[in-house]
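J.: Protein chains in written order, with the numbering used here: chain A, 1 to 119; chain B, 1 to 311. Note that CB positions come from ideal geometry on N, CA and C, so glycine has one too.
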Amino acid sequence: MKRKPGDLVPAERAILEVAMELQSQGLAEFHGYQVAKLIDSRREKPYLTGYGTLYRALERLEELGFLTSQWEETDNSANKPPRRRFYRLTGKPAPALLKTSQDIEPANQVLERILPWSQ
Amino acid sequence: MVAVKLLVLSAVITIVIGAFILPVVKALIMAWVRFYTSFAPPDRRERRRADVFGDIYEQIRDCLKENYKPSEIAPKLVIRWALGFFNDVSWCAPFIPVLVADKVAGWSDKLRHLRVPAAIIAGVATLGLMNYSLFRSPRHQTLGTWLTANVVIVAFTLLVSNLKHPVAVRILSAWMGIGVGVMMGVILWLSIHLHLYTIPWFQVFSLGILPVIPFIQVVDKPWRDDLTAIRRLSFVVCWGLAIAASLAGSQIIAGSMMPMFSLWEAMVLFAGVMFIVYGAIAFAAYLLCLLGIRGSAGGLRLVASGIRRLR
């Protein structure tokens with residue numbers, strides 16, 4: 001099934017929420033593992049932290065213009081750790097998040113609409 | 001005693017797993033990432049690899065900082081790999097057809113260039129093997145078997161190789177000339193032996209065909225070139241004629257089709273064996289040619305780098 005333009009999948013929404021949280025803590029730039037750790041710590045959707053899921057979502061968010069990224073600058077020492085890619089919010093995510101959260105009708109409201117006697 | 005042994009064994013296994021599980025798991029995940037990203041274009045490949053490798057490094061460092069044991073970190077890595085597995089596959093899936101098309105184009109290009117040497121090497125080797133085996137077994141030492149087998153291998157080699165090559169065209173022309181000459185010889189022998197020259201229609205046929213043969217082979221070169229250009233049709237015509245003539249000969253000489261069918265059976269068996277031998281040698285020759293080209297390219301690169309260093 002193709003998704004509509006501007007739609008966000010749960011992994012992308014989770015990343016944007018975490019990114020905004022990090023930004024509010026004064027952390028403008030973040031790398032993949034930081035996002036994965038935060039999502040995991042929330043214990044809501046730990047399945048979104050898979051390598052494939054996470055980095056695919058980050059790529060897609062960058063394509064949609066919600067994030068920008070750049071490689072960290074490292075020295076050329078022999079035992080250097082792998083280079084990390086730092087992501088940064090572009091300032092576009094809030095409307096997208098609002099749109100998706102408004103579009104989704106909470107489950108209890110759906111239940112009330114279908115089964116009015118369930119209250 | 002058994003309990004003690006089990007205890008020692010489990011302790012050893014625990015120590016070994018504890019020592020090796022993290023590097024092994026890390027290496028396996030990295031190998032998987034290298035594999036599935038190998039289908040992607042270079043920029044996306046490098047980016048995804050760096051992303052995941054950096055993530056693994058950060059996670060291990062973070063977990064070690066939080067006093068996790070290596071045997072506890074490894075399952076965390078495995079879980080994250082497993083959770084993203086289907087996304088890995090769906091991420092790389094669109095790149096696979098492009099890569100396969102590129103590879104096939106590259107290989108068919110290489111195959112086109114190597115077809116002639118591989119076919120000639122295989123042809124020469126199969127001819128050598130076949131002639132050696134024929135001369136080793138007295139049972140098959142007949143001129144007909146020897147000639148047919150050689151002709152089949154030469155024809156097969158020419159079919160497999162690039163027939164537009166001038167050398168191949170020349171060999172094919174020569175083979176056709178020999179074939180026609182042999183057929184003429186057989187007809188002549190049959191006509192003398194069976195007094196066929198006394199039959200009026202045979203006289204007409206012989207008188208008609210005999211002057212045409214040298215004309216085809218020697219004089220009318222453009223016609224001959226046309227014949228080689230429509231090589232597949234000419235093969236069919238030649239073999240059709242040969243089969244018809246052999247059936248007629250079998251009927252005339254033995255009064256039965258059975259000797260010819262027996263010979264065909266042997267020929268089919270021979271062709272099967274020849275196809276396997278030829279195919280195996282052609283494949284090996286092709287690989288050797290390819291390795292030779294790769295080796296030469298590597299050697300040239302080595303020489304070039306040596307020269308650069310000297311400078």
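Would you mind working out which of B:L194, B:A19, B:L127 sits nearest B:A149, comparing C-alpha positions?
T.: As a first step, residue 149 of chain B must be located in the second sequence, where it is residue number 149. Ranking the options by Cα distance to B:A149, first place goes to B:L127.
J.: Considering only residues of the same chain and omitting the five flanking positions on each side of B:D220, which have a CB-CB separation below 8 Å?
T.: In the second sequence, the residue the question calls residue 220 of chain B occupies position 220. Residue confidence is low: B:D220 scores 49 on pLDDT, short of 50, so the model does not pin down where it sits. No coordinate-derived value is stated.
J.: Closer than 7 Å by C-beta to A:R84: which residues in its own chain qualify, once you throw out the five before and the five after it? Chain order, please.
T.: On the first sequence, position 84 is the one that residue 84 of chain A refers to. So the qualifying residues of the chain are H31, E72.
J.: Establish whether the CB of A:R13 and some CB of chain B are separated by less than 7 Å.
T.: Locating residue 13 of chain A in the first sequence gives position 13, counting from the first residue. Not closer than 7 Å to any Cβ of chain B, the Cβ of A:R13 fails to qualify, so no.
J.: Over what stretch of residues does the beta strand (DSSP E) that includes A:F86 continue unbroken?
T.: Walking along the first sequence from the start, residue 86 of chain A turns up at place 86. A:F86 -> beta strand (DSSP E) spans 85-89.
J.: Distance cutoff 7 Å, beta carbons only. Does B:D51 sit that close to anything in chain A?
T.: Numbered from 1 along the second sequence, position 51 holds the residue referred to as residue 51 of chain B. Yes, B:D51 counts as interfacial toward chain A.
J.: Compile a chain-ordered list of the residues in the stretch 58-72 of chain B whose CB is closer than 9 Å to at least one CB of chain A.
T.: Listed by position, the residues of the stretch 58-72 of chain B near chain A (Cβ gap below 9 Å) are E58, Q59, R61, D62.
J.: Give the single residue among A:K37, A:T53, A:T49, A:L61 whose Cα lies nearest to the Cα of A:L22.
T.: As a first step, residue 22 of chain A is located in the first sequence; it is residue number 22 there, counting from the start. Of the listed residues, the one whose Cα sits closest to A:L22 is A:K37.
J.: Any idea which residues DSSP pairs B:F135 with across the strands?
T.: For the purposes of this step, residue 135 of chain B is taken as the residue at position 135 of the second sequence. None, per the DSSP bridge assignment.
J.: Got a sec, what are the start and stop residues for the beta strand (DSSP E) A:L67 sits in?
T.: Translated into positions along the first sequence, residue 67 of chain A becomes position 67. Note, A:L67: beta strand (DSSP E), 67-71.
J.: How many Å lie between A:S41 and B:D43 at the Cα?
T.: Residue mapping note: residue 41 of chain A aligns to position 41 of the first sequence, counting from 1. Residue mapping note: residue 43 of chain B aligns to position 43 of the second sequence, counting from 1. If you take the alpha carbons of A:S41 and B:D43, they lie about 32 Å apart.
J.: Can you tell me whether A:G65 is buried or exposed, with buried defined as 16 or more other CB within 10 angstroms of its CB?
T.: Within the first sequence, the letter at position 65 stands for residue 65 of chain A. By the neighbour-count rule (16 or more Cβ atoms within 10 Å), A:G65 is not buried but exposed.
J.: By Cβ distance below 8 Å, which residues in the same chain neighbour B:R49 in space, the five residues on each side in sequence not counted?
T.: Residue mapping note: residue 49 of chain B aligns to position 49 of the second sequence, counting from 1. Here the set comprises V33, R34, T37.
J.: According to DSSP, simplified to helix, strand and coil, what is B:E66?
T.: Walking along the second sequence from the start, residue 66 of chain B turns up at place 66. In the structure shown, B:E66 sits in coil (DSSP, three-state: anything other than H, G, I, E or B).
J.: With 7 Å as the threshold, decide whether the Cβ of A:P140 is near any Cβ in chain B.
T.: Since the first residue of chain A shown is 1 and the last is 119, residue 140 of chain A is not available in this structure.
J.: Is it buried or exposed, B:M258, if we count other Cβ atoms within 10 angstroms and call 16 or more buried?
T.: Position 258 of the second sequence, counted from the start, is the residue given in the question as residue 258 of chain B. That one is exposed.
J.: Pull up the DSSP beta-bridge partners for A:Q62, would you.
T.: Translated into the one-based positions of the first sequence, residue 62 of chain A becomes position 62. Note that residue 62 of chain A corresponds to Glu in the displayed sequence, not to Gln. A:E62 is not bridged to any residue.
J.: Can you have a look at B:A122 and say buried or exposed, based on whether 16 or more other CB atoms are within 10 angstroms of its CB?
T.: For the purposes of this step, residue 122 of chain B is taken as residue 122 along the second sequence, with counting starting at 1. Counting Cβ neighbours within 10 Å, B:A122 comes out buried, since at least 16 surround it.
J.: Enumerate in chain order the residues of its own chain whose CB-to-CB distance from B:R45 is below 6 Å, with the five nearest sequence positions on each side excluded.
T.: Numbered from 1 along the second sequence, position 45 holds the residue referred to as residue 45 of chain B. Correct list, in chain order: T37.
J.: Are the C-beta of B:R45 and some C-beta of chain A separated by less than 7 Å?
T.: Position 45 of the second sequence, counted from the first residue, corresponds to residue 45 of chain B. Closer than 7 Å: no.
J.: Give me, in chain order, the residues of the same chain whose beta-carbon lies closer than 8 Å to that of A:L58; leave out the 5 immediate sequence neighbours on both sides.
T.: Within the first sequence, numbered from 1, the residue matching residue 58 of chain A stands at position 58. Within the same chain, A:L58 has close Cβ partners I15, G32, V35, L67, S69, Y87.
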